[in-house]
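In the numbering used here, the protein residues as written are 27 to 498.
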């Protein structure tokens with residue numbers, strides 16, 4: 027039997043198989059591509075299901091015909107062609123059409139669409155370390171690349187971590203209370219599978235309305251993303267309608283899951299054994315990079331590290347050539363941001379274009395009771411990718427027993443992650459984080475903290491002078 031029928035149960039397909047009832051065995055049957063198509067769990071179009079005695083035709087709870095092999099795995103789902111394909115689309119297998127659209131040669135018939143590349147880019151600015159103030163050693167001047175559009179020097183302030191925001195420079199007690207925007211509430215997420223939640227998260231991520239880490243779990247970050255998407259589009263998104271989510275995924279780039287081959291560069295790193303809590307020990311490290319291949323790959327595909335391991339049981343991620351299952355987050359959101367709204371109450375950052383249209387939203391950790399974020403309006407001053415960090419106990423918080431100025435090297439596990447968007451209020455900024463799974467669920471030391479990939483996406487749509495408004 028063809029190997030495609032021996033594949034493990036597709037997570038996305040499994041979500042739709044509830045309460046199936048067996049039908050009589052079918053002989054080998056062919057379908058007209060203009061009438062009905064058979065879709066494998068991987069998204070391929072099959073032209074027949076072999077009748078070798080092990081494949082049974084059954085009905086799922088939506089009345090669709092599904093084909094199940096002797097191991098209980100779904101091998102194909104019968105779908106109407108006009109539901110699966112957009113009008114005017116052709117009916118060739120997806121991988122063939124993808125290869126032609128992307129210009130891949132016919133000499134590579136086994137080509138499968140690759141998983142998306144993580145893109146931290148270098149078109150904004152060169153790799154950065156903090157600009158040192160007078161009297162501090164090690165001043166390094168960074169040069170912006172010629173195409174950068176962030177208005178002059180991209181030098182990062184010394185005290186760039188959110189912990190630099192001191193309570194006395196925080197919220198003005200006499201400031202006027204400014205409420206955030208009111209969104210229509212999302213439909214409550216019912217009893218759905220982890221795969222269906224993943225599909226929903228992937229769709230929202232592709233749209234630029236981030237659910238935070240993709241982990242197959244429902245929660246406040248997913249709900250906030252749905253509400254923001256509805257506000258931006260004027261549509262209603264039902265998170266319990268698996269067919270609708272699947273169709274939206276198809277139109278936005280394909281199924282939620284894809285495969286990725288671990289490369290030699292992935293396995294090589296560089297990595298560090300561990301990231302210590304103590305800042306003096308952090309400062310002794312040559313870089314604050316990832317600690318493992320799984321941590322790097324999870325961030326590359328916007329995933330929770332534990333979830334990446336869960337859907338790839340028994341896999342050794344350190345071996346080049348290993349094929350793993352990941353989510354397909356598609357292309358990065360593009361556009362030009364004119365205003366950023368930091369909604370403290372929702373723990374969400376909202377990005378608007380010059381017409382006042384909401385174009386993106388990200389879960390965020392924004393301030394705390396001890397170190398509140400500012401109120402009112404500020405502006406973006408500078409943007410830096412891959413920033414370093416200077417700890418100064420006279421300016422920053424007191425970390426452990428460290429009473430000296432410390433310079434921490436750049437890296438995704440640095441205090442501000444991979445991005446620093448400096449604001450006009452000194453020591454405050456929008457930045458990444460070494461702990462993406464905690465975004466929107468914990469507090470910060472005053473700044474706006476996003477996942478590294480969300481901070482990067484926002485940075486590439488933002489420029490110096492953009493308004494940032496804090497609302498409650």
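In this text, a Cβ means the ideal position worked out from N, Cα and C, and glycines have one as well.
Item                                                                                                                                                                           : Value
Report the residue from 443, 383, 423 whose alpha carbon sits nearest the alpha carbon of residue 414.                                                                         : 443
Can residue 492 and residue 363 be called in contact, C-beta distance under 9 Å?                                                                                               : yes
Please name the residue in 421, 211, 496 whose C-alpha comes closest to that of residue 377.                                                                                   : 496
Over what stretch of residues does the beta strand (DSSP E) that includes residue 407 continue unbroken?                                                                       : 402–411
According to the neighbour-count rule (16 or more other Cβ atoms, all chains shown, within 10 Å of its Cβ), is residue 314 buried or exposed?                                  : buried
Can you list, in chain order, the residues of its chain with a C-beta nearer than 7 Å to that of residue 216? Leave out the 5 residues immediately preceding and following it. : 266
Locate the beta strand (DSSP E) running through residue 367, then write down its first and last residues.                                                                      : 365–369
Given a cut-off of 9 Å, decide if residue 211 and residue 573 are closer than it, judged by their beta-carbon atoms.                                                           : Because the chain in this structure spans residues 27 to 498, residue 573 falls outside the shown range and cannot be described.
Could you give the distance in angstroms between the alpha-carbon of residue 82 and the alpha-carbon of residue 234?                                                           : 41 Å
Contact between the region 240–255 and the region 322–340: three or more CB pairs below 8 Å?                                                                                   : yes
Beta carbon of residue 317, beta carbon of residue 439: below 9 Å?                                                                                                             : yes
Does the Cβ of residue 374 have 16 or more other Cβ atoms within 10 Å, making it buried, or fewer, making it exposed?                                                          : buried
Quick check: the Cα distance between residue 206 and residue 457, rounded to an integer number of angstroms?                                                                   : 21 Å
May I ask you to report which of helix, strand or coil DSSP gives residue 389?                                                                                                 : strand
What do you reckon, are the CB atoms on residue 337 and residue 262 nearer than 9 Å?                                                                                           : no
Taking contact to mean at least 3 C-beta pairs separated by less than 8 Å, is the region 279–288 in contact with the region 350–362?                                           : yes
DSSP beta-bridge partners for residue 102?                                                                                                                                     : 93
Measure the beta-carbon distance from residue 480 to residue 388 and round it to whole angstroms, keeping in mind my assumption that it falls under 8 Å.                       : 4 Å
On a Cα-Cα basis, can you pick out the residue from 450, 103, 293 that is closest to residue 64?                                                                               : 103
Using a Cβ-Cβ cutoff of less than 8 Å, which residues in the same chain neighbour residue 253 once the five nearest sequence positions on both sides are dropped?              : 209, 210, 211, 212
Tell me whether the beta-carbon of residue 466 lies closer than 9 Å to the beta-carbon of residue 250.                                                                         : yes
Buried or exposed: residue 345, going by 16 or more other Cβ atoms within 10 Å of its Cβ?                                                                                      : exposed
Assign residue 351 to one of three DSSP states: helix, strand, or coil.                                                                                                        : strand
Answer with buried or exposed for residue 277, where buried requires no fewer than 16 other C-beta atoms within 10 angstroms of its C-beta.                                    : exposed
Rounding to the nearest angstrom, what Cα-Cα distance links residue 298 and residue 305 in this structure?                                                                     : 15 Å
Please identify the residue among 281, 433, 328 whose C-alpha is closest to the C-alpha of residue 483.                                                                        : 328
Report the three-state DSSP secondary structure of residue 212 (helix, strand or coil).                                                                                        : coil
Just to confirm before moving on: does the CB-CB distance between residue 248 and residue 271 stay below 9 Å?                                                                  : no
Run through DSSP, which three-state label would residue 415 get?                                                                                                               : strand
Run through DSSP, which three-state label would residue 323 get?                                                                                                               : helix
Sort out for me which residues DSSP pairs residue 479 with in a bridge.                                                                                                        : Note: residue 479 sits in no beta bridge, so no partner.
With a Cβ-Cβ cutoff of 9 Å, do residue 383 and residue 231 count as a contact?                                                                                                 : no
Residue 366: which of 357, 358, 405 sits nearest, CA to CA?                                                                                                                    : 405
Please list, in chain order, all residues of the same chain as residue 478 whose beta carbon is under 8 Å from its beta carbon, the five residues on each side excluded.       : 146, 325, 438, 443, 444, 445, 458, 459, 462
Taking the alpha-carbon of residue 301 as reference, which of 371, 421, 321, 66 has the nearest alpha-carbon?                                                                  : 321
Candidates 487, 85, 228: which alpha carbon is nearest residue 380's?                                                                                                          : 487
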